[in-house]
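Chemist:
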Amino acid sequence: MQVVEELVMKCQDNMEQLRVDPATELDQKILGALDSSGRLQVRVFGDVGSKTIDEIRSRSKVFGDEATARFKELSDVGDKIAEICEILEVPFEEQDDFQNSVNDLGLTREAIQAGKDRLQELNSRKMDRMTELIQERRAQIVELQNDMGTVSLAEEEEEEVQSEEGDDTLKALDVQILDLRSKLEALQPLLETKKKYDKAVLLRVKLDEASKDPDRLRRRGSALLLKEEEKMGRQVKKIPEQVEVLKRCALEWEAENGIFRFNGERYIDTLEQTESHWKSRNKKDSKSMGGGVTPKKSKSRLHSTSTPRRELGDVTEMHRNSSC
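So the sequence shown is numbered by full-length UniProt numbering: it starts at 1 and just counts up by one.
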């Protein structure tokens, strides 16, 4: 009896979801076969033999297959609706209102039709806004590329995408945006190190320019100035380590994604050129200062009653020794 009870209960559940009326005498018996406690009322079927069980099982399969088919159809429509709602940025309140309007329809044909109608409406809204949507995505792509300092598409691919407007173009741009976001996330460690390196390079130049004015440490406020320059010098000292980290990160990126370009140039080449230029500049400066001989301290410094402080030449020398 337990097998029959389970089959009957499954039939009843599917019939309720499908909202189907009893089409046969067996359907009517199935609907009235269980009492309020879920127990089978044997008298409904009379003799519950193997033939009756097979008939109930067969009917259960019909209802089950129909429920599965409708559920899949509703799911497909629902996925498409959700996709367009995301594209159009439909407010959650509007989405909830529609969902609540079909919740009580179960797996009925009415529910499927309501979903199709909603999908058609959203598609129409999407087509009306197609140009605007494509422009928004292109703007997002430009912003992401600016954040990365690079361009991910070849010129011919860029022209092909921009020359068309339609659903396929919109999907292609969405895929490109997801790809750029993923790459930007992967690039964050490199970009953060690059930001620190760029700042240190500016400080290196600033210190170098300051070293050309040795009298600055004899003016009022020289103690604070020297303290600031020493702080800058500590940051400049990190440049060699930052260069190695940047090279390693860039090479790892290139192994997975191809040449890493920043502002149109291979970043590793730019990095090496920057450091090479700085080395050459330092050599020229050393020669112009008489081969890099350390100047003697002035008498005014030797006879000063204040606490001895490091000359800028010391700070500059530390800065120069730290460069690659």
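Don't be surprised by glycine CBs; every beta carbon is placed ideally from N, CA and C.
In this text, all values refer to a predicted model and were calculated from it rather than measured experimentally.
1) With a cut-off of 8 Å on the beta carbons, I'd call Ser50 and Leu7 a contact; round off their distance for me.
2) How big is the Cα-Cα spacing for Arg220 and Asn282?
3) Around the C-beta of Gln2, are 16 or more other C-beta atoms found within 10 angstroms, so that it is buried, or is it exposed?
4) Please state the DSSP three-state secondary structure of Phe71.
5) I'd like to know if the segment 65–77 and the segment 22–30 are in contact, where contact means that at least 3 CB-CB pairs between them fall below 8 Å.
6) Return the CA-CA distance between Asp198 and Asp213, expressed in angstroms with no decimal places.
7) Contact defined as beta carbons within less than 8 Å: I believe Leu31 pairs with Met9. What is the distance between those atoms, to the nearest angstrom?
8) For chain B, is any of its Cβ atoms less than 8 Å away from the one on Asp128?
9) Who pairs with Phe262 in a beta bridge, going by DSSP?
10) Rounding to the nearest angstrom, what Cα-Cα distance links Thr108 and Glu73 in this structure?
11) Between Ala210 and Glu229, how many whole angstroms is the CB-CB distance? I'm expecting something under 8 Å.
12) How long is the line joining the alpha carbons of Gln95 and Ile81, rounded to whole angstroms?
13) Taking buried to mean at least 16 other C-beta atoms within 10 Å of its own C-beta, is Leu202 buried or exposed?
14) Using CA coordinates, which residue listed in Lys195, Gln188, Tyr267 and Arg216 is at the minimum distance from residue 378?
15) Could you give the C-beta distance for Val236 and Leu207, rounded to a whole number, given that I count them as a contact under 8 Å?
16) If you drop the 5 nearest sequence neighbours on each side, which residues of the same chain put their C-beta closer than 8 Å to that of Gly258?
17) Considering only C-alpha positions, which residue in the set Thr68, Asp147 and Ala172 is nearest to Arg261?
18) Tell me, to the nearest whole angstrom, how far the beta carbon of Leu144 is from that of Leu184; I am working on the premise that it is less than 8 Å.
19) Residues in the same chain with beta-carbon distance under 6 Å from Val102, minus the five sequence neighbours each way, listed in chain order, please.
20) Look up Leu122 in the DSSP assignment and say whether it is helix, strand or coil.
21) With H, G and I counted as helix, E and B as strand and the rest as coil, what does DSSP make of Leu107?
22) Go ahead and label Val142 buried or exposed: buried means 16 or more other beta carbons lie within 10 angstroms of its beta carbon, across all protein chains shown.
23) According to DSSP, is Glu66 part of a helix, a strand, or is it coil?
24) Run the CB neighbour count on Gln135, radius 10 Å, all protein chains shown included, and call it buried at 16 or more, exposed below.
25) Going by C-alpha to C-alpha distance, which of Ile84, Cys11 and Phe98 sits closest to Asp65?
26) Are Leu170 and Arg138 touching if we call contact CB-CB under 8 Å?
27) Taking C-beta to C-beta, are Gly106 and Gln28 nearer than 8 Å?
28) Can you look up Met318 in the DSSP assignment and give me helix, strand or coil?
29) With 16 as the cutoff for other CB atoms within 10 Å, does Phe71 come out buried or exposed?
Modeler: Quick answer:
1) Between Ser50 and Leu7 a beta carbon distance of about 13 Å is seen, past the 8 Å cut, so the two are scored as non-contacting.
2) 29 Å
3) exposed
4) helix
5) Fewer than three pairs of CB atoms, one per stretch, sit closer than 8 Å, so the segment 65–77 makes no contact with the segment 22–30.
6) 24 Å
7) In this structure, Leu31 and Met9 do not form a Cβ contact; the two beta carbons are roughly 11 Å apart against a cut-off of 8 Å.
8) No chain B is part of this structure, which consists of one protein chain only.
9) Glu265
10) So the alpha carbons of these two residues sit roughly 11 Å apart.
11) 7 Å
12) 9 Å
13) exposed
14) Outside the modelled stretch of the chain, which goes from 1 to 324, sits residue 378, for which no answer is possible.
15) 6 Å
16) none
17) Taking only the C-alpha atoms, the option nearest Arg261 is Asp147.
18) 6 Å
19) Ala111 and Ala114
20) helix
21) coil
22) exposed
23) For Glu66, the secondary structure class from DSSP, reduced to helix, strand or coil, is helix.
24) Counting every other CB atom within 10 Å of its CB across the protein chains shown gives Gln135 a total below 16, marking it as exposed.
25) Cys11
26) no
27) no
28) At Met318 the pLDDT is 35, less than 50, meaning the model places this residue with poor confidence; the figure from the coordinates comes in the next sentence. It is helical.
29) exposed
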